[in-house]
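Q: One structure, as structure tokens, below. Some questions next.
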Amino acid sequence: MMGEGEVRVSSGGLGYFGVCAFGGMLSAGTTHLVITPLDVLKVNMQVNPVKYNSIASCFTTLLREQGPSVFWRGWAGKFLGYGAQGGCRFGLYEYFKSLYSNIFGDCNRSIIFFLSSASAEVFANVALCPFEAVKIRVQAQPHFAKVSMVMFSTFEHSVDFMYRNVIQRRKEDFSKPQQLGVTCLAGYASGSIGCLISNPTDNIVASLYYRKADSLKLAIKKIGLLNLFTRSLRIRIMLVGPVVTLQWLFYDTIKVFSGLPTSGKVSTK
1 MMGEGEVRVS SGGLGYFGVC AFGGMLSAGT THLVITPLDV LKVNMQVNPV
51 KYNSIASCFT TLLREQGPSV FWRGWAGKFL GYGAQGGCRF GLYEYFKSLY
101 SNIFGDCNRS IIFFLSSASA EVFANVALCP FEAVKIRVQA QPHFAKVSMV
151 MFSTFEHSVD FMYRNVIQRR KEDFSKPQQL GVTCLAGYAS GSIGCLISNP
201 TDNIVASLYY RKADSLKLAI KKIGLLNLFT RSLRIRIMLV GPVVTLQWLF
251 YDTIKVFSGL PTSGKVSTK
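Under full-length UniProt numbering, read the sequence shown as residues 1 to 269, first letter to last.
Right, here's the structure in full:
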């Protein structure tokens, strides 16, 4: 039964995808805006690991040399750019998931998750590029590397695993706040795993962008194989895990207030 003032949006219709796009835009834009200071710290630690050998030293040095405003450089580009990316990423992900689930059925959910997120990511990155270019000029920061397919697939499988093997009850048996709690746990898992996988790429991009190396081979050699996986990993986990968690929480909360179910299910018509 619908509560007073609650809006019903039919799942799979244009209104449904519109709500998903709006939720993705708002969740991605606001969360990336909030973590702008951590993003600035991450980039400087990647580019100058000798000078900024810890989070504390990076923070105090930047504050002393450039003032507090340094931590908010590029905030507008992050909010608008990642908002546009999030709207396309989440909205089109739901659209493609519905499309591919009708094509492949429920026989192989991993294929549906990967194809849906990969298809949506193409449009999401096109939407992000103009804003990211502006942000780079303002903040002098490389692309914030993400593995979108891993994030979405891990999230979907984490939700399914928790209901099937940990809680051992159907999602529909829980209240909306309890379902949002599961969303947060699955979101953190997806963000952390995506962070571990994308960390080498993030370090290489930073090295190439700041001309610390002139080629991919030289960048890997200069950084070192072990450092590719460990450099700035702690701050990236601190940054990516909560950001992805908040994105899924905001996104699912908007869906709930619109009368839609929380994320984490493949349905066929």
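All residues carry an ideal CB built from backbone N, CA and C; glycine is no exception.
(1) Quick check on this structure: which residue in Asn-102, Leu-38, Gly-181, Leu-180 has the alpha carbon closest to the alpha carbon of Arg-236?
(2) Which residue wins for smallest C-alpha separation from Thr-36, given the options Asn-53, Ala-21, Leu-80?
(3) So for Leu-260, helix, strand or coil by DSSP?
(4) On the DSSP letters alone, give me the boundaries of the alpha helix (DSSP H) that Gly-67 sits inside.
(5) When the distance is taken between beta carbons, is Phe-257 closer than 8 Å to Ser-27?
(6) Would the region 116-127 count as touching the region 94-101 if we require 3 or more Cβ pairs under 8 Å?
(7) Using a Cβ-Cβ cut-off of 6 Å (strictly less than) and excluding sequence neighbours within five positions of Tyr-163, which residues of its own chain qualify?
(8) Per the contact definition of three or more C-beta pairs closer than 8 Å, is the region 175-195 in contact with the region 230-246?
(9) Taking all protein chains shown into account, decide if Thr-245 is buried (16 or more other Cβ within 10 angstroms of its Cβ) or exposed.
(10) Nearest-angstrom Cα distance between Val-70 and Tyr-52?
(11) Going by other Cβ atoms of all chains shown within 10 Å of its Cβ, with 16 needed for buried, is Lys-42 buried or exposed?
(12) Between which two residues does the alpha helix (DSSP H) holding Asn-227 run?
(13) Are the CB atoms of Val-19 and Lys-255 nearer to each other than 8 Å?
(14) Between Leu-180 and Asp-252, which are expected to be in contact by the criterion C-beta below 8 Å, what is the C-beta distance as a whole number of angstroms?
(15) Leaving out five residues on either side along the sequence, give the residues of the same chain with a beta carbon under 7 Å from the beta carbon of Trp-75.
(16) Is Arg-164 helix, strand or coil by DSSP?
(17) What's the call for Lys-217, buried or exposed, on a 16-neighbour Cβ count within 10 Å?
(18) Apart from the five residues on each side of it in sequence, which residues of its chain come closer than 7 Å, Cβ to Cβ, to Phe-229?
A: To lay it out plainly:
(1) When only C-alpha atoms are compared, the closest one is Leu-38.
(2) When only C-alpha atoms are compared, the closest one is Leu-80.
(3) Leu-260: coil per DSSP, three-state reduction.
(4) Gly-67: not part of any alpha helix (DSSP H); DSSP gives it neither H nor E.
(5) No, these two residues do not count as a Cβ contact at 8 Å.
(6) In short, these stretches touch, since the Cβ pair count reaches three.
(7) Once the five neighbours on either side are set aside, the close Cβ partners of Tyr-163 are Lys-171.
(8) Enough Cβ pairs lie closer than 8 Å, so yes.
(9) Thr-245 comes out buried.
(10) Their backbone Cα atoms lie some 15 Å apart in a straight line.
(11) Buried.
(12) Per DSSP, Asn-227 belongs to the alpha helix (DSSP H) from 225-230.
(13) The answer is yes: Cβ separation under 8 Å.
(14) Confirmed, about 6 Å.
(15) Take Trp-75, set aside five residues on each side of it, and the residues of its chain with a beta-carbon closer than 7 Å to its own are Leu-33, Thr-36, in chain order.
(16) In the three-state reduction of the DSSP assignment, Arg-164 falls in the helix class, which pools H, G and I.
(17) Of the other Cβ atoms in all chains shown, fewer than 16 fall within 10 Å of the Cβ of Lys-217; this residue is therefore exposed.
(18) Here the set comprises Asn-199, Pro-200.
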